[in-house]
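Q: In terms of this note's numbering, the sequence shown opens at residue 110 and continues consecutively.
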Amino acid sequence: MKAADPSRADCALGREELDDDPIAQFRDWFEQAAAVNPMPETMCIATVDEEGRPDARMVLLKGVDHDGFRFFTNYDGEKAIQIEANPVAALAFHWVELNRQVRVRGPVERLADEESDAYYASRGRNSQIGAWASPQSRPLGDPRSELDRLTAETEARFDGVDPIPRPPNWGGYLVRPVQIEFWQGRRSRLHDRFQYLPEGDGWTIRRLAP
Ligand SMILES: Cc1cc2nc3c(=O)[nH]c(=O)nc-3n(C[C@H](O)[C@H](O)[C@H](O)COP(=O)(O)O)c2cc1C
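(1) Based on DSSP bridge pairs, tell me the residues matched to D301.
(2) Please report the Cβ distance between Y282 and R219, rounded to the nearest whole angstrom; I am assuming they are in contact, meaning their Cβ atoms lie under 8 Å.
(3) Based on Cα-Cα distance, which residue from V205, R166, Q191 and G309 lies nearest to P147?
(4) Is V127 near ligand 1 - that is, is its Cβ less than 7 Å away from at least one heavy atom of it?
(5) Hey, quick one: how far does the beta strand (DSSP E) through L283 stretch, first residue to last?
(6) Report yes or no: do the segment 261-281 and the segment 231-238 share at least 3 C-beta pairs separated by less than 8 Å?
(7) Quick one: residues in its chain with C-beta nearer than 8 Å to the C-beta of R121, no 5 flanking neighbours on either side, listed in chain order?
(8) If you reduce the DSSP assignment to three classes, tell me which class N235 lands in.
(9) Can you list, in chain order, the residues of its chain with a C-beta nearer than 7 Å to that of A112? Leave out the 5 residues immediately preceding and following it.
(10) Beta-carbon distances below 5 Å to any heavy atom of ligand 1 define the shell here; list its residues in chain order, please.
What follows is the structure, encoded as structure tokens:
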């Protein structure tokens, strides 16, 4: 692992510094970000609804490997409805301390049940209750009494139940990258950008104008 160096915030990024493998490159930047950013796993995910209108919100990256980028959510929520209608997404990370951005685009698929089960089991009990209790993205009565009631009902339902099973409508998605861009900001505003695109069994890398 390369040590994080906040002075990189104005460093040039050259092609020779980039790993040929964008996932290795992502991991390298992620580790550097993790040394200086309290939540490097925070990412914006954009999806598209049935009418082609984009939507965006933050989620947490919970794993990355050569299959892609994983996150977890409610399968009945708005983003899931959009993904089921248009199974594509774009991700964006911003690590302000390093003046870096990473962008990812690609098709999206549900994770296997076993993978979602394993991640759900690793969460704290309150988070597990919340996944059952909250009808994500649906209108709720205000003040929060309806959500408090749903939470209390869920706690009662699972009183003495351990482990709590994963709700069938909650689990993970995988974004399979078909385009990944690494952006290094420069004080000159003439930032460095490199985009990876699939080529044969590997990737080709090209510099983009800032
Ligand atoms: C920093 C941060 C992390 C979040 N992480 C998640 C997450 O991992 N999964 C999730 O479903 N929502 C997460 N949320 C909430 C989403 O931004 C969003 O409000 C919620 O998923 C409902 O979005 P939707 O109505 O488009 O489905 C997070 C919000 C913030 C600000």
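C-beta: ideal position from N, C-alpha, C; glycine also.
A: From the atom records:
(1) Against the sequence shown, residue 301 aligns to sequence position 192. Among the bridge pairs identified by DSSP, D301 is matched with Q293.
(2) For this step, residue 282 is matched to residue 173 along the sequence shown. For this step, residue 219 is matched to residue 110 along the sequence shown. So it is a contact: roughly 6 Å between Cβ atoms.
(3) Position 38 of the sequence shown, counting from 1, holds the residue named residue 147. Here the closest residue by C-alpha is V205.
(4) Within the sequence shown, residue 127 is the residue found at index 18, counting from 1. The question names Val, but residue 127 is Leu in the sequence shown. L127: no, Cβ never under 7 Å from ligand 1.
(5) Reading the sequence shown from its first residue, position 174 is the one you call residue 283. Unbroken beta strand (DSSP E) run through L283: W279 to V284.
(6) Counting Cβ pairs under 8 Å, three or more are found: they touch.
(7) Taking the first residue of the sequence shown as position 1, residue 121 is located at position 12. Residue 121 is actually Ala in this sequence, not Arg. Q293, R295 and D301, listed in sequence order.
(8) On the sequence shown, position 126 is the one that residue 235 refers to. N235: helix per DSSP, three-state reduction.
(9) Stepping through the sequence shown from its first residue, residue 112 is reached at position 3. The predicted position of A112 is uncertain, since its pLDDT is 49 and thus under 50; no value can be drawn from it.
(10) The set, ordered by position in the chain, is T151, R166, M167, V168, L169, T182, G186, E187, K188 and S246.
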